[in-house]
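Just so you know, the sequence shown maps onto residues 12 to 515 in my numbering.
Backbone N, C-alpha and C fix where the C-beta goes; we use that ideal spot for every residue, glycine too.
Quick caveat: nothing in here was measured; it's all calculated off a predicted structure.
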Amino acid sequence: MIRVALYARYSSDNQSVASIEDQLRICRDQAAREKWKVVGTYKDAAISGASVTLRPGIQALLADAQAGRFDMVLAEALDRVSRDQADVAVLFKHLKFAGVEIATLAEGQISEFHVGLKGTMNALFLKDLAAKTHRGLRGRVEKGKAGGGLCYGYDVVRRLDGGGDQVRGERRINEAEAVVVRRIFREFSTGKSPKAIARDLNRDGIPGPFGKLWGDTTIRGHVCRGTGIVNNELYVGVLVWNRLRYIKNPSTGKRVSRINPESEWIRTEVPELRIVDDGLWEAVRRRQDEISQQFANVTKGVRAYRARHVNELRRPAFLFSGLLKCGCCGGNYGIITQDRYGCLNRYRRGTCENGHTVRREVIEGRILVGLTERLVSPEQVAEAVRAYAEAMNQENRERRARVALDRKTLDKIDRGISGIMTAIEDGLYQPAMKARMEELERQKTDLIARMSEAPEDVPDLHPNIAEIYKAKVANLSAALEDPELRAEAAEAIRALGRAMTETG
Numbered sequence: 012m013i014r015v016a017l018y019a020r021y022s023s024d025n026q027s028v029a030s031i032e033d034q035l036r037i038c039r040d041q042a043a044r045e046k047w048k049v050v051g052t053y054k055d056a057a058i059s060g061a062s063v064t065l066r067p068g069i070q071a072l073l074a075d076a077q078a079g080r081f082d083m084v085l086a087e088a089l090d091r092v093s094r095d096q097a098d099v100a101v102l103f104k105h106l107k108f109a110g111v112e113i114a115t116l117a118e119g120q121i122s123e124f125h126v127g128l129k130g131t132m133n134a135l136f137l138k139d140l141a142a143k144t145h146r147g148l149r150g151r152v153e154k155g156k157a158g159g160g161l162c163y164g165y166d167v168v169r170r171l172d173g174g175g176d177q178v179r180g181e182r183r184i185n186e187a188e189a190v191v192v193r194r195i196f197r198e199f200s201t202g203k204s205p206k207a208i209a210r211d212l213n214r215d216g217i218p219g220p221f222g223k224l225w226g227d228t229t230i231r232g233h234v235c236r237g238t239g240i241v242n243n244e245l246y247v248g249v250l251v252w253n254r255l256r257y258i259k260n261p262s263t264g265k266r267v268s269r270i271n272p273e274s275e276w277i278r279t280e281v282p283e284l285r286i287v288d289d290g291l292w293e294a295v296r297r298r299q300d301e302i303s304q305q306f307a308n309v310t311k312g313v314r315a316y317r318a319r320h321v322n323e324l325r326r327p328a329f330l331f332s333g334l335l336k337c338g339c340c341g342g343n344y345g346i347i348t349q350d351r352y353g354c355l356n357r358y359r360r361g362t363c364e365n366g367h368t369v370r371r372e373v374i375e376g377r378i379l380v381g382l383t384e385r386l387v388s389p390e391q392v393a394e395a396v397r398a399y400a401e402a403m404n405q406e407n408r409e410r411r412a413r414v415a416l417d418r419k420t421l422d423k424i425d426r427g428i429s430g431i432m433t434a435i436e437d438g439l440y441q442p443a444m445k446a447r448m449e450e451l452e453r454q455k456t457d458l459i460a461r462m463s464e465a466p467e468d469v470p471d472l473h474p475n476i477a478e479i480y481k482a483k484v485a486n487l488s489a490a491l492e493d494p495e496l497r498a499e500a501a502e503a504i505r506a507l508g509r510a511m512t513e514t515g
């Protein structure tokens, strides 16, 4: 009986969880008619068909296919599996290698022809859909309606048109949030830093966008991308659309943004949505120019340093970055000024009362001493030696068991070969004996090759293993001063820190 796995997916707001159950139901009906045995179901809810990389259901299906748990995958249609032409081809290739077929209710048995033709059709469908969506959003923006999400300071207008359809993209000013927007613009224009603004807003109990805490990046954003409160032109009555485009990274399946040429931006005047006057807007622009100039002057002094240490930029900036926690609020403890650690919740959001800071070399020195003392304590040394011995003994047991099993199997194969040879000598030859003899000879050759490649027994533990362990731990800190060993030593120490944190 054919073992079949069912797969279903839905991706848009126009579908619901019931869509998956409907797909699985009709697939089960088909399996029952064909007398196939359903051995598993896989599904992905509210996930785009444009990429399989981020879909846990399809990834689990592939893993189980490679483990030989079913013979066929059944779906409603090929576009339920994926609409991406390359992904369809890769899935088909992996499943075929695992000896698993694909069948759909719409197309039947899937072959290379379906992969090429349907994959191309689905790719063209996605491209056409994206183009139509883009045209529709542009038309909406040119009429003064929003083409994206909801900005802080505004509410969604919900009403029906004359035909009873919902009107999309209309906004109105949220007066309470508009007061906060003006406050941010005024304070920023007078020289107050985004960190200080965010801290004071959180201290005053004012919720940020989507009810979250305020952060400095929420306020300053990115000038070129038009993100952040102080860069949003909607606050001066100008709706800007098509500033960014999004492209799928083929390696990760995630979308990444790219800035479009300014000539492709769509600007529409919406004076009814103005919150900030031109004078305040220009004051913020001047303040940003001042900050940019200051940053440019500082950047010139550090470019040479960064060029000399380009490899270090790929690693955490500091030895224990992301590993230290505030004892008061539980938030991250990180660098807040030059070479000083402090509570990031206090200095970025103002939500913690812990104002204590510690010099980097002091706290790193204390942690390294603590790690060394814990790792070379009699208990830790004994535990390390015990764990090592246990692991080696387990490997030896498994190795001996494999050797014994291989020898037993080899003896069985030799007996089989001898039995066939005896039957032939006795005149009992059958045509099937030749194929069986070849199969046994192949098994014997493979088995002997595997036995010859088996690792040798691991020698007994070194009598001074405990002292060797202590010396390696003691040298770990010193390795940080060696340019050739610094990266490896730092990562090892960070790993130890994470392990200590997780185990308490």
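| Check | Outcome |
| --- | --- |
| Length of the line joining the Cα atoms of Ile258 and Gly232 | 21 Å |
| Where Cys339 falls: helix, strand or coil (DSSP) | coil |
| Host beta strand (DSSP E) of Val50 (start-end) | 48 to 56 |
| Euclidean distance between Cα positions of Arg170 and Lys156 | 13 Å |
| Reduced DSSP secondary structure (H/G/I, E/B, other) of Ala16 | strand |
| Burial state of Gln349 (16 or more Cβ within 10 Å) | exposed |
| Length of the line joining the Cα atoms of Tyr344 and Val295 | 31 Å |
| Thr279 versus Gly159: straight-line alpha-carbon distance, rounded | 14 Å |
| For Gly345, the first and last residue of its enclosing beta strand (DSSP E) | 344 to 348 |
| Where the beta strand (DSSP E) containing Glu188 begins and where it ends | Where Glu188 is concerned, there is no enclosing beta strand (DSSP E), although the alpha helix (DSSP H) it sits in stretches over 186 to 200. |
| Gln405 versus Val414 - alpha carbon distance | 14 Å |
| Span separating the alpha-carbon of Lys46 from that of Arg14 | 10 Å |
| Supposed contact pair Lys54 and Arg20 - C-beta distance, whole angstroms, cut 8 Å | 6 Å |
| CB of Ala189 within 9 Å of CB of Gly164, strictly | yes |
| Other residues of its chain near Tyr358: CB distance less than 7 Å, five sequence neighbours each side excluded | Lys206, Ile347 |
| For Thr420 and Met12, the rounded distance between their alpha carbons | 30 Å |
| Straight-line gap, Ala443 to Glu450 (C-alpha atoms, nearest Å) | 11 Å |
| Cys354 versus Tyr246 - alpha carbon distance | 33 Å |
| Nearest-angstrom Cβ-Cβ length linking Val99 and Val126, presumed shorter than 8 Å | 5 Å |
| Alpha-carbon spacing of Trp225 relative to Ile240, whole angstroms | 11 Å |
| Chain-order list of residues whose beta-carbon lies under 8 Å from that of Phe458 (same chain, five-residue window excluded) | The residue asked about is misnamed: residue 458 is Leu in this sequence, not Phe. Excluding residues within five positions, the ones whose Cβ falls inside 8 Å are Asp417, Thr420, Leu421, Ile424. |
| Ranges of the beta strand (DSSP E) found wholly within the region 222 to 309, counting only runs of at least 3 | 249 to 252, 255 to 259, 266 to 270, 277 to 280 |
| 8 Å CB neighbourhood of Arg461 in its chain, flanking five on each side removed | Asp417 |
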